[in-house]
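K.L.:
Residue numbers (our numbering): 19 to 174.
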């Protein structure tokens, strides 16, 4: 699906569900991972996650579009447009938008912890995935000196 098709889709959903036209820009953003979409309060534009569309299809994305349009229409009308506002929750329920998007499958393999920092004074242990220069850091609990140990592979 192209951005032009998405724009037309958002305009249709806005008229059908809210009875008000969408007069700004809707685009796909392939970098969105932890969220299904975004509404920008300054430009009033909407971005939708490409990954959500590819993974879950049009039905799920339409719920995300309705969610973002709730932000859009409430913000432009001067009502409570944030997630915690009653106006937002009420409108979202009325139009059938989703409160949360479905989680994307993990694309990157999580690395186990490779390093352990050990405080010589209090015994506090910190696990890290990246190597840390112990001359620059001290223990967060007692400000003691840290000792770096490399964990065997699979130490997470």
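Cβ coordinates follow ideal geometry from the N, Cα and C atoms, glycine included.
Can you grab the Cα-Cα spacing for the pair residue 28 / residue 76, in whole Å?
P.N.:
Taking the first residue of the chain shown as 1, we reach residue 28 at position 10. Taking the first residue of the chain shown as 1, we reach residue 76 at position 58. Distance between the alpha carbons of residue 28 and residue 76: 12 angstroms.
K.L.:
From the DSSP secondary-structure annotation, give me the bridge partner or partners of residue 156.
P.N.:
Here residue 156 corresponds to residue number 138 of the chain shown, with the count starting at 1. Residue 156 is bridged to 163.
K.L.:
With residue 63 as the anchor, note down where its beta strand (DSSP E) starts and where it stops.
P.N.:
Numbered from its first residue, the chain shown carries residue 63 at position 45. Careful: residue 63 lies outside any beta strand (DSSP E) and carries neither H nor E.
K.L.:
State the start and end residues of the unbroken alpha helix (DSSP H) segment that holds residue 94.
P.N.:
Position 76 of the chain shown, counted from the start, is the residue given in the question as residue 94. Per DSSP, residue 94 belongs to the alpha helix (DSSP H) from 76 to 94.
K.L.:
If we count the other Cβ atoms within 10 Å of its Cβ and call it buried at 16 or more, is residue 32 buried or exposed?
P.N.:
In the chain shown, the residue the question calls residue 32 occupies position 14. Buried, because 16 or more other Cβ atoms sit within 10 Å of the Cβ of residue 32.
K.L.:
Terminal residues of the continuous alpha helix (DSSP H) containing residue 121?
P.N.:
For this step, residue 121 is matched to residue 103 along the chain shown. Taken as a continuous stretch (DSSP letters only), residue 121 belongs to no alpha helix (DSSP H), as it is neither H nor E.
K.L.:
Can you pull the DSSP bridge partners for residue 21?
P.N.:
Position 3 of the chain shown holds residue 21. Paired residues: none, contrary to the question.
K.L.:
On the DSSP letters alone, give me the boundaries of the beta strand (DSSP E) that residue 46 sits inside.
P.N.:
The count along the chain shown starts at 1 and reaches residue 46 at position 28. First-last of the beta strand (DSSP E) with residue 46: 44 to 47.
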